[in-house]
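**Student:**
Pasting the structure below:
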(Lines of atoms letter the chains of each structure in order from A; the text may use other names.)
(Lines give C-alpha, C1' and ligand atoms only; values in the text may rest on other atoms or scores of the structure.)
Protein backbone atom coordinates (compact mmCIF):
# COMPACT_ATOMS: atom_id res chain seq x y z
CA UNK A 1 0.00 0.00 0.00
CA UNK A 2 2.75 2.45 0.98
CA UNK A 3 4.60 1.75 -2.27
CA UNK A 4 1.44 2.46 -4.29
CA UNK A 5 1.08 5.86 -2.61
CA UNK A 6 4.73 6.68 -3.32
CA UNK A 7 4.35 5.61 -6.96
CA UNK A 8 1.21 7.73 -7.33
CA UNK A 9 3.04 10.76 -5.89
CA UNK A 10 5.82 10.25 -8.44
CA UNK A 11 3.33 10.17 -11.36
CA UNK A 12 1.72 13.45 -10.29
CA UNK A 13 3.89 16.16 -11.73
CA UNK A 14 1.97 19.42 -11.44
CA UNK A 15 0.44 21.39 -8.63
CA UNK A 16 -2.81 21.38 -10.56
CA UNK A 17 -2.84 17.58 -10.46
CA UNK A 18 -2.19 17.56 -6.72
CA UNK A 19 -4.49 20.48 -5.86
CA UNK A 20 -3.81 23.08 -3.17
CA UNK A 21 -5.99 21.30 -0.60
CA UNK A 22 -3.84 18.15 -0.99
CA UNK A 23 -0.45 19.90 -1.12
CA UNK A 24 0.98 19.63 2.40
CA UNK A 25 3.44 22.58 2.18
CA UNK A 26 0.59 24.89 1.19
CA UNK A 27 -1.59 23.66 4.06
CA UNK A 28 1.25 23.96 6.60
CA UNK A 29 2.00 27.49 5.44
CA UNK A 30 -1.68 28.51 5.71
CA UNK A 31 -1.95 26.97 9.17
CA UNK A 32 1.12 28.80 10.48
CA UNK A 33 0.08 32.03 8.80
CA UNK A 34 -3.32 31.85 10.51
CA UNK A 35 -1.75 30.89 13.86
CA UNK A 36 0.65 33.85 13.68
CA UNK A 37 -2.11 36.25 12.60
CA UNK A 38 -4.23 35.13 15.55
CA UNK A 39 -1.39 35.95 17.94
CA UNK A 40 -0.06 39.11 16.30
CA UNK A 41 -2.59 41.47 17.95
CA UNK A 42 -2.12 39.96 21.41
CA UNK A 43 1.64 40.27 21.12
CA UNK A 44 1.43 43.80 19.74
CA UNK A 45 -0.38 44.82 22.95
CA UNK A 46 2.68 43.54 24.83
CA UNK A 47 4.96 45.50 22.50
CA UNK A 48 6.31 42.30 20.93
CA UNK A 49 6.53 40.86 17.43
CA UNK A 50 6.11 37.24 16.28
CA UNK A 51 9.91 36.77 15.86
CA UNK A 52 10.53 38.22 19.32
CA UNK A 53 8.02 35.89 20.97
CA UNK A 54 9.30 32.94 18.95
CA UNK A 55 12.78 33.74 20.27
CA UNK A 56 11.55 33.99 23.86
CA UNK A 57 9.62 30.72 23.42
CA UNK A 58 12.67 28.78 22.24
CA UNK A 59 14.83 30.25 24.99
CA UNK A 60 12.20 29.35 27.60
CA UNK A 61 12.83 25.71 26.70
CA UNK A 62 16.48 25.77 25.52
CA UNK A 63 18.19 28.63 27.32
CA UNK A 64 21.81 29.49 26.60
CA UNK A 65 22.00 28.18 23.04
CA UNK A 66 24.19 29.70 20.37
CA UNK A 67 22.86 32.33 18.02
CA UNK A 68 23.30 29.88 15.11
CA UNK A 69 21.21 27.20 16.84
CA UNK A 70 18.65 29.80 17.88
CA UNK A 71 18.28 30.79 14.23
CA UNK A 72 17.53 27.16 13.33
CA UNK A 73 15.06 26.59 16.17
CA UNK A 74 13.21 29.86 15.63
CA UNK A 75 13.24 29.56 11.83
CA UNK A 76 14.47 33.14 11.63
CA UNK A 77 17.22 34.22 9.24
CA UNK A 78 20.41 35.31 11.00
CA UNK A 79 20.14 38.97 9.94
CA UNK A 80 16.55 39.22 11.22
CA UNK A 81 17.44 37.30 14.38
CA UNK A 82 20.34 39.68 15.05
CA UNK A 83 17.98 42.68 14.94
CA UNK A 84 15.45 40.78 17.04
CA UNK A 85 18.09 40.02 19.67
CA UNK A 86 19.27 43.65 19.65
CA UNK A 87 15.72 44.77 20.46
CA UNK A 88 15.13 42.08 23.09
CA UNK A 89 18.47 42.83 24.69
CA UNK A 90 17.65 46.55 24.70
CA UNK A 91 14.39 45.73 26.50
CA UNK A 92 16.30 43.67 29.06
CA UNK A 93 14.58 40.43 28.02
CA UNK A 94 17.67 38.52 26.85
CA UNK A 95 21.40 38.71 27.30
CA UNK A 96 24.18 37.50 25.00
CA UNK A 97 27.38 36.06 26.38
CA UNK A 98 30.64 35.31 24.66
CA UNK A 99 31.54 31.61 24.35
CA UNK A 100 34.01 30.28 26.90
CA UNK A 101 36.15 28.35 24.43
CA UNK A 102 35.48 30.44 21.31
CA UNK A 103 34.99 34.19 21.67
CA UNK A 104 33.31 34.37 18.23
CA UNK A 105 30.37 32.31 19.47
CA UNK A 106 27.55 34.03 21.36
CA UNK A 107 25.12 32.24 23.66
CA UNK A 108 21.71 33.74 24.32
CA UNK A 109 19.95 33.60 27.68
CA UNK A 110 16.56 34.74 28.92
CA UNK A 111 16.63 37.24 31.74
CA UNK A 112 14.09 37.06 34.56
CA UNK A 113 12.16 39.84 32.79
CA UNK A 114 12.29 37.85 29.55
CA UNK A 115 10.93 34.76 31.27
CA UNK A 116 8.12 36.86 32.78
CA UNK A 117 7.35 38.45 29.38
CA UNK A 118 7.10 35.03 27.76
CA UNK A 119 4.86 33.83 30.60
CA UNK A 120 2.48 36.68 29.66
CA UNK A 121 2.56 35.64 25.99
CA UNK A 122 2.10 31.91 26.62
CA UNK A 123 -1.64 31.85 27.44
CA UNK A 124 -2.53 33.32 24.03
CA UNK A 125 -0.18 30.86 22.31
CA UNK A 126 -1.69 27.95 24.21
CA UNK A 127 -5.25 29.08 23.46
CA UNK A 128 -4.46 29.33 19.73
CA UNK A 129 -2.80 25.90 19.87
CA UNK A 130 -5.84 24.38 21.57
CA UNK A 131 -8.20 25.96 19.03
CA UNK A 132 -6.08 24.63 16.17
CA UNK A 133 -6.47 21.07 17.47
CA UNK A 134 -10.14 21.24 18.41
CA UNK A 135 -11.79 17.96 17.36
CA UNK A 136 -8.39 16.29 16.79
CA UNK A 137 -8.11 13.29 19.09
CA UNK A 138 -4.95 12.13 20.84
CA UNK A 139 -4.20 9.39 18.30
CA UNK A 140 -4.56 11.82 15.37
CA UNK A 141 -2.32 14.33 17.14
CA UNK A 142 0.33 11.68 17.88
CA UNK A 143 0.24 10.51 14.24
CA UNK A 144 0.59 14.10 13.01
CA UNK A 145 3.57 14.77 15.28
CA UNK A 146 5.24 11.52 14.17
CA UNK A 147 4.69 12.43 10.52
CA UNK A 148 5.98 15.99 10.98
CA UNK A 149 9.10 14.67 12.74
CA UNK A 150 9.76 12.27 9.84
CA UNK A 151 9.29 15.11 7.38
CA UNK A 152 11.68 17.35 9.30
CA UNK A 153 14.26 14.58 9.38
CA UNK A 154 13.90 14.17 5.60
CA UNK A 155 14.52 17.84 4.83
CA UNK A 156 16.62 19.22 7.66
CA UNK A 157 20.07 20.61 7.04
CA UNK A 158 21.10 20.87 10.70
CA UNK A 159 21.56 18.21 13.36
CA UNK A 160 18.96 19.88 15.57
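Numbering (full-length UniProt numbering), first residue to last: 1 to 160.
Don't be surprised by glycine CBs; every beta carbon is placed ideally from N, CA and C.
Nothing here was measured: the structure is a model prediction, and the numbers come from that model.
Measure the C-alpha to C-alpha separation of residue 67 and residue 46 and round it to an integer number of angstroms.
**Tutor:** Taking the chain shown and counting its residues from 1, one reaches residue 67 at position 67. Taking the chain shown and counting its residues from 1, one reaches residue 46 at position 46. Looking at the two C-alpha atoms, the distance is approximately 24 Å.
**Student:** Given a threshold of 16 other Cβ atoms within 10 Å of its Cβ, counted over all protein chains shown, does residue 54 qualify as buried or as exposed?
**Tutor:** Here residue 54 refers to the residue found at position 54 when the chain shown is read from its first residue. Result: buried.
**Student:** Helix, strand or coil for residue 54, going by three-state DSSP, please let me know.
**Tutor:** Within the chain shown, residue 54 is the residue found at index 54, counting from 1. DSSP places residue 54 in helix when its eight states are reduced to three.
**Student:** Run through DSSP, which three-state label would residue 129 get?
**Tutor:** On the chain shown, residue 129 is found 129 positions in, with the first residue counted as 1. Three-state DSSP puts residue 129 in a helix.
**Student:** If we count the other Cβ atoms within 10 Å of its Cβ and call it buried at 16 or more, is residue 51 buried or exposed?
**Tutor:** Residue 51 sits at position 51 when you count from the first residue of the chain shown. That one is buried.
**Student:** For the segment 98-110 against the segment 128-140, are there 3 or more C-beta pairs whose distance is under 8 Å?
**Tutor:** Cβ pair count under 8 Å is below three, so no.
**Student:** Just mark residue 148 as buried or exposed, buried being the case when its beta carbon has 16 or more other beta carbons within 10 Å.
**Tutor:** Your numbering for residue 148 matches position 148 in the chain shown. Looking at its Cβ environment, which holds fewer than 16 other Cβ atoms inside 10 Å, residue 148 is exposed.
**Student:** Suppose you measure from the CA of residue 85 to the CA of residue 76; what does that come to, to the nearest Å?
**Tutor:** Within the chain shown, residue 85 is the residue found at index 85, counting from 1. Within the chain shown, residue 76 is the residue found at index 76, counting from 1. Going by the C-alpha atoms only, they are around 11 Å apart.
**Student:** Just reading off the beta strand (DSSP E) that residue 75 is part of, what are its end residues?
**Tutor:** Looking up residue 75 in the chain shown gives position 75. Unbroken run through residue 75: none, as it is neither H nor E.
**Student:** Return the residue from the list 150, 156, 125 that minimises the CA-CA distance to residue 37.
**Tutor:** What you label residue 37 is simply residue 37 of the chain shown in a count that begins at 1. Nearest neighbour of residue 37 by Cα position, chosen from 150, 156, 125, turns out to be 125.
**Student:** Quick check on the burial criterion: 16 or more other C-beta atoms within 10 angstroms. Buried or exposed for residue 74?
**Tutor:** One-based indexing of the chain shown puts residue 74 at position 74. By the 10 Å Cβ count, residue 74 comes out buried.
**Student:** Assign residue 44 to one of three DSSP states: helix, strand, or coil.
**Tutor:** Reading the chain shown from its first residue, position 44 is the one you call residue 44. Correct three-state label for residue 44: helix.
**Student:** Ignore the nearest five residues each way along the sequence and tell me which others in residue 78's own chain have a CB closer than 8 Å to its CB.
**Tutor:** Taking the chain shown and counting its residues from 1, the one referred to as residue 78 is at position 78. So the list reads 67, 68, 71, once near-sequence residues are dropped.
**Student:** Spatial neighbours of residue 101 within its chain, please: CB distance less than 8 Å, with the 5 preceding and 5 following residues excluded, ordered by chain position.
**Tutor:** Numbered from its first residue, the chain shown carries residue 101 at position 101. Cβ within range, chain order: n/a, list empty.
**Student:** State yes or no: is the beta carbon of residue 73 nearer than 8 Å to at least one beta carbon in chain D?
**Tutor:** In the structure shown, chain D does not exist; there is a single protein chain.
**Student:** Which of the three DSSP states, helix, strand or coil, is assigned to residue 91?
**Tutor:** On the chain shown, residue 91 is found 91 positions in, with the first residue counted as 1. Of the three classes helix, strand and coil, the one that applies to residue 91 here is coil, per DSSP.
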